[in-house]
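Residues 0 to 543 (numbering that gives the first Met the number 0) are what the sequence shown spells out, left to right.
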Amino acid sequence: MEPVAGLGQMGAHHTAIDVGRDSFLIDCGVLFPAPWDVGVEHIAPPLEPALQRAREGRLRSLLLTHGHRDHIGAVGHLADRVPGLSVHATPFTAALLRRVLGERSAKLDLHIVHPGRPVQFGETTATWFGVTHSLPEACSLALETRGGTLVHSGDFRVQPDPFLGPRTDEDGLRGLGDRGVDLALVDSTGAARPGRTLSERTVADNLAAAVDAVDGLVLITVFSTHIERVAACVEAARRCGRVPALYGRSLESTVALARDQGIFGDHGGALRDVEHVAKLGGRGLVVVTGTQGEWRAPLARIARGEDPRIRVRPGDAVLWSARAIPGNDRAIGLVVNRLVDLGVSVTPPWGSAGRGLHTSGHGLRDEVGEWLSWVRPRAVLPIHGEAWHLAEHRRALLEGRPDTEVLDLRSGGAVEFGPGQAARTVGAPTDRTFPVGVGRELWSGTERALRDRRRIARTGVVTASVEGDRVEVVAVGVFPEAECRQAEMELRAAAQAALKQDPRPGSIEDLESRVRLTLRRAVKARTGERVECIVRGRFSRHGN
Ligand SMILES: [Zn+2]
Ligand SMILES: [Zn+2]
Numbered sequence: 000m001e002p003v004a005g006l007g008q009m010g011a012h013h014t015a016i017d018v019g020r021d022s023f024l025i026d027c028g029v030l031f032p033a034p035w036d037v038g039v040e041h042i043a044p045p046l047e048p049a050l051q052r053a054r055e056g057r058l059r060s061l062l063l064t065h066g067h068r069d070h071i072g073a074v075g076h077l078a079d080r081v082p083g084l085s086v087h088a089t090p091f092t093a094a095l096l097r098r099v100l101g102e103r104s105a106k107l108d109l110h111i112v113h114p115g116r117p118v119q120f121g122e123t124t125a126t127w128f129g130v131t132h133s134l135p136e137a138c139s140l141a142l143e144t145r146g147g148t149l150v151h152s153g154d155f156r157v158q159p160d161p162f163l164g165p166r167t168d169e170d171g172l173r174g175l176g177d178r179g180v181d182l183a184l185v186d187s188t189g190a191a192r193p194g195r196t197l198s199e200r201t202v203a204d205n206l207a208a209a210v211d212a213v214d215g216l217v218l219i220t221v222f223s224t225h226i227e228r229v230a231a232c233v234e235a236a237r238r239c240g241r242v243p244a245l246y247g248r249s250l251e252s253t254v255a256l257a258r259d260q261g262i263f264g265d266h267g268g269a270l271r272d273v274e275h276v277a278k279l280g281g282r283g284l285v286v287v288t289g290t291q292g293e294w295r296a297p298l299a300r301i302a303r304g305e306d307p308r309i310r311v312r313p314g315d316a317v318l319w320s321a322r323a324i325p326g327n328d329r330a331i332g333l334v335v336n337r338l339v340d341l342g343v344s345v346t347p348p349w350g351s352a353g354r355g356l357h358t359s360g361h362g363l364r365d366e367v368g369e370w371l372s373w374v375r376p377r378a379v380l381p382i383h384g385e386a387w388h389l390a391e392h393r394r395a396l397l398e399g400r401p402d403t404e405v406l407d408l409r410s411g412g413a414v415e416f417g418p419g420q421a422a423r424t425v426g427a428p429t430d431r432t433f434p435v436g437v438g439r440e441l442w443s444g445t446e447r448a449l450r451d452r453r454r455i456a457r458t459g460v461v462t463a464s465v466e467g468d469r470v471e472v473v474a475v476g477v478f479p480e481a482e483c484r485q486a487e488m489e490l491r492a493a494a495q496a497a498l499k500q501d502p503r504p505g506s507i508e509d510l511e512s513r514v515r516l517t518l519r520r521a522v523k524a525r526t527g528e529r530v531e532c533i534v535r536g537r538f539s540r541h542g543n
């Protein structure tokens, strides 16, 4: 078992498993880039381990635990490189995958599985066990093989009384534990924090109480795949005599998928058109996208007063039923403060935890302990976390489960076990660079163009084309608009003077670098900044 990525980074989850001649993959997600990763849409796991297995004809299937982007977001890149890639997923996960991939999903050999119904791959049995999380049909996934049994927890929490959807399949996981589990890979996201997550029913009650206290229109912002929470918002509207609506493309389409598949309960019947509901004021409630302050999402548009459907006014309220993903606080703050300036009462994400309007989809220490007490693995490998999460999870396990072997590994290492041989780590973690998604392409993480993007984004760029002893200069993002033309003319004159000054014939490279140096100095003299300068041209031999 080789965790290719997802150990040491929160995202790009991707694991390879070899059983004799067969190989399986579990999940293939993306990691979201840091703000300084300019021009990068997402970061993918290294695909070479999967491609190697595919080339050798060993790859049986990619098995998906659930439909969050950190688990399915890079499947398209794999599908582009492995013709007819076999994928197994539950109906809702498959539907989300099709939506992410668009027409590229036609390249897949997609098989639908159902939790609790084993799927046979030769001598290996794969079983998905339903767990509670923060979207429908999240699963733990077990592979029972000739060499022993491995179970991947997936992302999970243990909710005794979900608001929507089935409970965690305790019986199934206990049964698996009875048959014997050699190795469990377990979600570390919440494992270091003591206690349990708030129940989704409590969140639903708190939402209803918060809505009840508002006179005007209520907007609740949620993650668009959190169908259970959307249902809780619809229920809060019902209890407070308000008419609910959904607003935001991703939210509307995810709820439509859930309704089609019969996993939205009877909550869909109450939904009305957003324009109608917005006009109802104190009798309306709108569930809206934009939890992370995304500039183009409806909530940010409403905060800017630019939304065509909803105008908020004093007396209205906006509730965050979501957390702030690290790095997004400033964007969220902008939206929050604009809403406050409009006289709206706001419960921002940093306040909603205290009021119990949100709870994590990742179980805390007691829930992880409960899952382990059902599965009873001989060895545990903490996964799904940055170094800190993994270390804290490991420590909690060593304290709480003295009889369990707790493995320590980073992405790129491997764990081996077999009949009569306990799970142990083998080999050292390899330091692979993660490829990055740029549009539809996948670039190497060390690609020079990425450094160029960062540099140009920081300082702007000056380009010069040289033909004979004539120079044309264009500056982008370097000077204020009012000065730009004048500055370009001065740079051009400086470059031409430099060409004339030294009429000795030289190589094109020499001339290009001489012009580049001149331009850099001229810009520095004017702005005080070191700016990227690019020179291309056909040169005549000077002096002729
Ligand atoms: Zn998840
Ligand atoms: Zn995840």
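By construction, the Cβ of each residue, glycine as well, lies at the ideal position given by its N, Cα and C atoms. Computed from a prediction, not measured in an experiment: that's the story for all the values here.
With contacts defined as CB atoms closer than 8 Å, histidine 12 and aspartate 26 qualify as a contacting pair. Judged by DSSP secondary structure, glycine 436 falls outside any alpha helix (DSSP H) and instead within the beta strand (DSSP E) spanning 435-437. The beta carbon of arginine 200 is closer than 6 Å to those of Asp160 and Phe162 in its chain, skipping five residues each way along the sequence.
Residue state for leucine 175 is assigned as helix, using DSSP reduced to three classes. Within the DSSP bridge table, the entry for isoleucine 226 names no partner.
Excluding sequence positions up to five before and after alanine 141, its CB lies within less than 6 Å of the CB of Thr126, Val150 and Leu175, all in the same chain and listed in chain order.
Going by beta carbons, threonine 462 and isoleucine 533 fall inside the 8 Å limit.
Inter-segment contact for the region 368-375 and the region 216-233 is absent: fewer than three beta-carbon pairs are separated by less than 8 Å. For the 8 Å CB-CB criterion, histidine 87 and valine 112 form a contact. Straight across, the Cα-Cα distance linking glutamine 119 with glutamate 143 is about 10 Å. Residue nearest to alanine 386 within the set Gly360, Arg452, Ala191 and Gly72 is Ala191 (criterion: CA-CA distance).
Classified as buried, methionine 0 has 16 or more neighbouring CB atoms from the shown chains inside 10 Å of its CB. With contacts defined as CB atoms closer than 8 Å, isoleucine 219 and valine 286 qualify as a contacting pair. Close to ligand 1, as judged by a C-beta nearer than 5 Å to any of its heavy atoms, are the residues His67 and Asp154, in chain order.
Rounded to whole angstroms, lysine 106 and phenylalanine 23 show a C-alpha spacing of 18 Å. By the beta-carbon neighbour count (other beta carbons within 10 angstroms, threshold 16), valine 475 is exposed. A residue is called buried once 16 or more other Cβ atoms fall within 10 Å of its Cβ, and threonine 89 is buried on that count. Serine 249 and threonine 288 have their C-alpha atoms some 8 Å from each other.
DSSP, read as helix, strand or coil, puts isoleucine 262 in coil. According to the DSSP assignment, valine 374 belongs to the alpha helix (DSSP H) that extends over 364-374.
DSSP, reduced to helix, strand and coil, places tryptophan 387 within a helical segment of the structure shown. Annotation for histidine 392 indicates a beta carbon at 7 Å or more from all heavy atoms of ligand 2. Histidine 151 has its Cβ no nearer than 7 Å to any heavy atom of ligand 2. When DSSP reads this structure, glutamine 420 sits in a beta bridge with Gly417.
When the beta-carbon positions are compared, proline 34 and glycine 326 come within less than 8 Å of each other.
Annotation: the continuous beta strand (DSSP E) that includes histidine 110 extends over 108-111. Here threonine 92 is not bridged, per DSSP, to any residue.
The secondary-structure analysis by DSSP pairs leucine 184 across a beta bridge with His151 and Leu380.
Between glycine 292 and valine 334, the gap from beta carbon to beta carbon is short of 8 Å.
Taking 8 Å as the cut-off, the beta carbon of alanine 236 is found closer than this to the beta carbon of valine 242. A distance of 8 Å or more separates the beta carbons of aspartate 365 and glycine 129. With a cut-off of 7 Å, the C-beta of histidine 225 is classified as distant from ligand 2, since no heavy atom of the ligand falls inside that distance. A straight line joining the alpha-carbon of alanine 321 with that of leucine 298 spans about 13 Å.
In this structure, the alpha-carbon of serine 187 lies about 10 Å from that of serine 152. One Cα belongs to proline 347, the other to leucine 318, and the distance between them is close to 7 Å. Taking C-beta atoms as the reference points, valine 3 and proline 32 fail to come closer than 8 Å.
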